[in-house]
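Asker:
There are 2 protein chains.
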Amino acid sequence: MRQGHQSWVFPLKPVILGHAAIGGPFEAKGPLADDFDILHGDLMIGQDSWEKAEKVLLEEACSKAVEKAGLTKEQINFMLAGDLMNQIISASFSARTLSIPFLGIFGACSTAMEGLALAALMVNSQAADYVLAATSSHNGAAEKQYRYPTEYGSQKPPTAQWTVTGAGAAVVASQGRGLRITGATIGHVVDMGLTDPFNMGAAMAPAALSTIESHFRDFQLPHDHYDLIVTGDLGRTGHAILSDLLPKHHMHIPLDRYVDCGKLIYGENPNVWSGGSGCGCIATVTYGHLLRRMKQGEWKRILLVATGALLSPLTFQQGESIPCIAHAVAVESEQLGE
Amino acid sequence: MRQGHQSWVFPLKPVILGHAAIGGPFEAKGPLADDFDILHGDLMIGQDSWEKAEKVLLEEACSKAVEKAGLTKEQINFMLAGDLMNQIISASFSARTLSIPFLGIFGACSTAMEGLALAALMVNSQAADYVLAATSSHNGAAEKQYRYPTEYGSQKPPTAQWTVTGAGAAVVASQGRGLRITGATIGHVVDMGLTDPFNMGAAMAPAALSTIESHFRDFQLPHDHYDLIVTGDLGRTGHAILSDLLPKHHMHIPLDRYVDCGKLIYGENPNVWSGGSGCGCIATVTYGHLLRRMKQGEWKRILLVATGALLSPLTFQQGESIPCIAHAVAVESEQLGE
Numbered sequence: 001m002r003q004g005h006q007s008w009v010f011p012l013k014p015v016i017l018g019h020a021a022i023g024g025p026f027e028a029k030g031p032l033a034d035d036f037d038i039l040h041g042d043l044m045i046g047q048d049s050w051e052k053a054e055k056v057l058l059e060e061a062c063s064k065a066v067e068k069a070g071l072t073k074e075q076i077n078f079m080l081a082g083d084l085m086n087q088i089i090s091a092s093f094s095a096r097t098l099s100i101p102f103l104g105i106f107g108a109c110s111t112a113m114e115g116l117a118l119a120a121l122m123v124n125s126q127a128a129d130y131v132l133a134a135t136s137s138h139n140g141a142a143e144k145q146y147r148y149p150t151e152y153g154s155q156k157p158p159t160a161q162w163t164v165t166g167a168g169a170a171v172v173a174s175q176g177r178g179l180r181i182t183g184a185t186i187g188h189v190v191d192m193g194l195t196d197p198f199n200m201g202a203a204m205a206p207a208a209l210s211t212i213e214s215h216f217r218d219f220q221l222p223h224d225h226y227d228l229i230v231t232g233d234l235g236r237t238g239h240a241i242l243s244d245l246l247p248k249h250h251m252h253i254p255l256d257r258y259v260d261c262g263k264l265i266y267g268e269n270p271n272v273w274s275g276g277s278g279c280g281c282i283a284t285v286t287y288g289h290l291l292r293r294m295k296q297g298e299w300k301r302i303l304l305v306a307t308g309a310l311l312s313p314l315t316f317q318q319g320e321s322i323p324c325i326a327h328a329v330a331v332e333s334e335q336l337g338e
Numbered sequence: 001m002r003q004g005h006q007s008w009v010f011p012l013k014p015v016i017l018g019h020a021a022i023g024g025p026f027e028a029k030g031p032l033a034d035d036f037d038i039l040h041g042d043l044m045i046g047q048d049s050w051e052k053a054e055k056v057l058l059e060e061a062c063s064k065a066v067e068k069a070g071l072t073k074e075q076i077n078f079m080l081a082g083d084l085m086n087q088i089i090s091a092s093f094s095a096r097t098l099s100i101p102f103l104g105i106f107g108a109c110s111t112a113m114e115g116l117a118l119a120a121l122m123v124n125s126q127a128a129d130y131v132l133a134a135t136s137s138h139n140g141a142a143e144k145q146y147r148y149p150t151e152y153g154s155q156k157p158p159t160a161q162w163t164v165t166g167a168g169a170a171v172v173a174s175q176g177r178g179l180r181i182t183g184a185t186i187g188h189v190v191d192m193g194l195t196d197p198f199n200m201g202a203a204m205a206p207a208a209l210s211t212i213e214s215h216f217r218d219f220q221l222p223h224d225h226y227d228l229i230v231t232g233d234l235g236r237t238g239h240a241i242l243s244d245l246l247p248k249h250h251m252h253i254p255l256d257r258y259v260d261c262g263k264l265i266y267g268e269n270p271n272v273w274s275g276g277s278g279c280g281c282i283a284t285v286t287y288g289h290l291l292r293r294m295k296q297g298e299w300k301r302i303l304l305v306a307t308g309a310l311l312s313p314l315t316f317q318q319g320e321s322i323p324c325i326a327h328a329v330a331v332e333s334e335q336l337g338e
């Protein structure tokens, strides 16, 4: 199953049997609103804290994905989930509600593809029939934990990003109809010495480049192999940097086939500065928008590259730079796989 | 590879090719001191913060395990690591230093066996030749993050535990000489409604019970199959509770074959209250003491059950109870495997 140094090829082509995306009120005003399964009008989602609201988002994404897969939660062998909260409480508490054997994962905003890659690995190796991979973020909860109190109204620079309120989940299975996972590449940590937590896009772009390079090298693919290459949440700043870096590193990806979820989710809205971010960004865009459009035939092969900034408020305070990582998962249409 | 609902059997019996345990000054005074690879006399380990000291512990454990496996870090395909710090910074920053493709994991003190189970899964499915699994904790860093400032000198109840300053790592491989991993069971979240963060042993004991029950059911093993069953860090309180719960649930494990790492690491020292805890507890006791003694023939088959309390300071403040989990990994002597 190993392919090259840091990739996996999945000969059984595990199927994404069900997938779901849940969003908040701000996501409901974005250009991808129609591709969400549930949109909430209230940021609190009827809970008494933002953290509890995030847990509800994640639970809904999981339940909806299992339901759309035509399964019950008792049939799911393992759940892989993580989020941005300290001690990944959204994931752990959702796993308590769902009562599925649980493996907690953390890669900041790369968590979504870390989970999908491991889920495909488990299914392909027949270590599981059904695996649930999920992740979430919540704007209020993330702002509270990572930044100044919202009430301060601190100004942000144009390179800052807006944490997505949303959750996405997928059920990966050995059999059934659906899009198929053909391979994955696990990234290593890349740190270019950047220290500005309000410019994650610039910090993460080199990690995305590294994983994309490793993926094409490990699989020996032509640079135009994918109809679409999608990064997680580099935003406008990071998307521009990576678009610049790719040809400089002799990666001749057709740039009209390269998009970023942080740019897609809120369109041209200037109030989100450089774009969306958070574990919920690539998760909702993928499990809502992208996979729906793939099923409608818009693309046949896509590469999902989730990027994560592995800092904490404490490492920033202690003067550390920002270590970043990216994990990639390749998904293709059933028509190609048969 | 799947066995029962939530377990994995590893027919290739992945080998623990190298393993290492690093400890701090307090661990150096404990009864297992001779089984550590490196012991530090200074809690700061020459760094300017406890968090940076923990990172050094983890890096040393990883480097030592790779060295003892007779490998270089460039030969390791993947690193699985996590710790108790917010955003698992010890693991992420160590992965930056080591530059090995990295998958971040989090299960509080269950992380050690989550990593070892996934490492064995990857090797058994030929998704990797060599996988590094590691975890760490640091008394000063954990106290600072989770509890009152140490300077307050708050009194603790006798059920409290002492976070281990230490790190453990193992290199899992498809071939070579060493102890072998035969199976694993992934736990689901168990929450009995306990809310006292100074009594983790009581909160976690039912999760350990659940995973042990699932393990014996999934593998259909007689209750005296293992020469030793080891829990992670239930401490004296939790060890007594689990010893009581096992026969009540018709699990007739010979109780003289059941030990807990939280009890073992500091012996009868009353200054640690109920015993040791933290991700470094089962990691150092396993990768130092237990595997060494297995190689000396003391036990042939052991079951390592790492327990984790998945709370955060915030969930405690918000009045939530403590969700707990346990993951089990079975290890046996080479003599049995051949």
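Protein sequences appear in the order of chains S and Z. Read in the UniProt record's numbering, the first sequence has 297 at position 297, and its numbers run on one by one without any break. Read in the UniProt record's numbering, the second sequence has 45 at position 45, and its numbers run on one by one without any break. The beta carbon of each residue, even a glycine, is placed where N, CA and C say it ideally should be.
Which bits of chain S does I1 (chain Z) rub up against, with CB to CB less than 7 Å?
Answerer: The sequence as given places Met at residue 1 (chain Z); Ile does not occur at that position. Correct list: S125, Q126, A127.
Asker: Going along the region 178 to 191 of chain S in order, which residues come within less than 7 Å of chain Z, judged by CB to CB distance?
Answerer: Listed by position, the residues of the region 178 to 191 of chain S near chain Z (Cβ gap below 7 Å) are I186, G187, H188, V189, D191.
Asker: Spell out whether any CB of chain Z is found under 9 Å from the CB atom of residue 345 (chain S).
Answerer: For residue 345 (chain S) there is no data in the structure shown, the boundaries of chain S being 1 and 338.
Asker: Label T150 (chain Z) either buried or exposed according to how many other C-beta atoms from any shown protein chain fall within 10 Å of its C-beta, with 16 as the threshold for buried.
Answerer: Burial call: exposed.
Asker: Identify whether S210 (chain Z) lies in helix, strand or coil by the three-state DSSP scheme.
Answerer: Helix.
Asker: Drop a sphere of 10 angstroms on the beta-carbon of H327 (chain S), count the other beta-carbons inside from all chains shown, and report buried for 16 or more, exposed for fewer.
Answerer: Flag for H327 (chain S) reads buried.
Asker: For Y130 (chain S), report the span of its alpha helix (DSSP H) as first-last.
Answerer: Counting along the chain, Y130 (chain S) falls outside any alpha helix (DSSP H), though it belongs to the beta strand (DSSP E) covering 130 to 137.
Asker: Our contact map puts G183 (chain Z) next to F10 (chain Z) with C-beta atoms below 8 Å; I'd like the distance itself, whole angstroms only.
Answerer: Between F10 (chain Z) and G183 (chain Z) the Cβ distance is about 6 Å, and since that is below 8 Å, they are a contact.
Asker: Would you mind stating whether I265 (chain Z) and E27 (chain Z) have Cβ atoms separated by less than 9 Å?
Answerer: Taking 9 Å as the Cβ cut-off, I265 (chain Z) and E27 (chain Z) qualify as a contacting pair.
Asker: For R325 (chain Z), go through chain S and note every residue whose CB falls closer than 7 Å to its CB, in chain order.
Answerer: Note that residue 325 (chain Z) is Ile in the sequence shown, not Arg. F102, listed in chain order.
Asker: If you count every other CB in all the chains shown that lies within 10 Å of the CB of G70 (chain S), and 16 or more means buried, which is it?
Answerer: With fewer than 16 Cβ atoms within 10 Å of its Cβ, G70 (chain S) is classed as exposed.
Asker: Quick check on W8 (chain S): does DSSP put it in helix, strand or coil?
Answerer: DSSP places W8 (chain S) in strand when its eight states are reduced to three.
Asker: Within 9 Å of any Cβ in chain Z, is that where the Cβ of W273 (chain S) sits?
Answerer: No, no contact with chain Z.
Asker: Please say whether H252 (chain Z) and L245 (chain Z) have beta carbons closer to each other than 9 Å?
Answerer: No, they are not a contact pair.
Asker: From the DSSP output, in three-state form, read off E338 (chain S) for me.
Answerer: Any reading at E338 (chain S) needs caution, since the residue's pLDDT is 43, under 50, leaving its predicted position unreliable; the model's value is listed next. The answer is coil: DSSP assigns E338 (chain S) none of H, G, I, E or B.
Asker: By the three-class DSSP mapping on this structure, what secondary structure does V285 (chain S) have?
Answerer: It is helical.
Asker: Looking only at its chain, what residues have a beta carbon closer than 6 Å to the beta carbon of G308 (chain S), apart from the 5 residues adjacent to it on each side?
Answerer: Taken in chain order, the residues that qualify are G107, A108, C109, S110, I325.
Asker: Quick check on E268 (chain S): buried or exposed, where buried means 16 or more other Cβ atoms within 10 Å of its Cβ?
Answerer: Exposed is the call here.
Asker: Sort S:P323, S:L84, S:E332 by Cα distance to A167 (chain S) and report the nearest one.
Answerer: Comparing Cα-Cα distances from A167 (chain S) to each of S:P323, S:L84, S:E332, the minimum goes to S:L84.
Asker: By the 10 Å Cβ neighbour count, where 16 or more other Cβ atoms means buried, how is R177 (chain S) classified, buried or exposed?
Answerer: It counts as exposed.
Asker: May I have the straight-line CA-CA distance separating A81 (chain Z) from A112 (chain Z), to the nearest angstrom?
Answerer: So the alpha carbons of these two residues sit roughly 8 Å apart.
Asker: Would you say L242 (chain S) and A208 (chain S) are within 9 Å of each other, going by their C-beta atoms?
Answerer: It is a contact, given that the beta carbons lie within the stated cut-off.
Asker: For G235 (chain Z), which three-state DSSP category applies?
Answerer: The answer is helix: DSSP assigns G235 (chain Z) an H, G or I state.
Asker: Enumerated in chain order, which unbroken segments of the alpha helix (DSSP H) with a length of 4 residues or greater are wholly contained in the region 261 to 337 of chain Z?
Answerer: Entirely contained in the region 261 to 337 of chain Z, the alpha helix (DSSP H) runs reaching 4 residues are, in chain order, 261 to 264, 279 to 284, 291 to 295, 313 to 317, 334 to 337.
Asker: Closer than 7 Å between beta carbons: that is the criterion. Which residues of the region 280 to 307 of chain S meet it against chain Z?
Answerer: Of all residues in the region 280 to 307 of chain S, none has a Cβ within less than 7 Å of some Cβ in chain Z.
Asker: Listed in chain order, which residues of the region 136 to 154 of chain S have Cβ atoms closer than 9 Å to some Cβ of chain Z?
Answerer: Answer set for the region 136 to 154 of chain S: Q145.
Asker: Residues of chain Z with CB closer than 8 Å to the CB of Q6 (chain S), please, in chain order.
Answerer: Within 8 Å Cβ-Cβ: N77, F78, P101.
Asker: Counting only beta-carbon separations shorter than 9 Å, does K13 (chain S) have a partner in chain Z?
Answerer: Chain Z contact via Cβ: absent.
Asker: Determine which residues of the region 85 to 96 of chain S have a Cβ less than 8 Å from any Cβ of chain Z, and write them out in chain order.
Answerer: Those would be M85, N86, Q87, I88, I89, S92, F93, A95, R96, in chain order.
Asker: Which residues in chain S have a C-beta closer than 8 Å to the C-beta of I105 (chain Z)? List them in chain order.
Answerer: Those within 8 Å of I105 (chain Z) in chain S are L103, G104, I105, F106.
Asker: Straight-line CA distance for G232 (chain Z) to A202 (chain Z)?
Answerer: Each residue's Cα considered, the two are about 13 Å apart.
Asker: Considering only C-alpha positions, which residue in the set Z:I105, Z:A91, Z:N124 is nearest to S92 (chain S)?
Answerer: Considering only alpha carbons, the answer is Z:I105.
Asker: Show which residues of chain Z have a CB atom less than 9 Å away from the CB atom of G82 (chain S).
Answerer: Ordered by position in chain Z, the residues that pass the 9 Å Cβ test against G82 (chain S) are G104, I105, F106.
Asker: Against L314 (chain S), what residues of chain Z qualify as contacts under a CB-to-CB distance less than 9 Å, listed in chain order?
Answerer: Ordered by position in chain Z, the residues that pass the 9 Å Cβ test against L314 (chain S) are S49, E51, M85, N86, Q87, I89, Q145.
Asker: With the cut-off set at 9 Å, would you say S154 (chain Z) and E54 (chain Z) are in Cβ contact?
Answerer: The answer is no: Cβ separation not under 9 Å.
Asker: Cutting at 6 Å between CB atoms, please list the residues of its own chain near L118 (chain S), excluding the five before and the five after it.
Answerer: Once the five neighbours on either side are set aside, the close Cβ partners of L118 (chain S) are L80.
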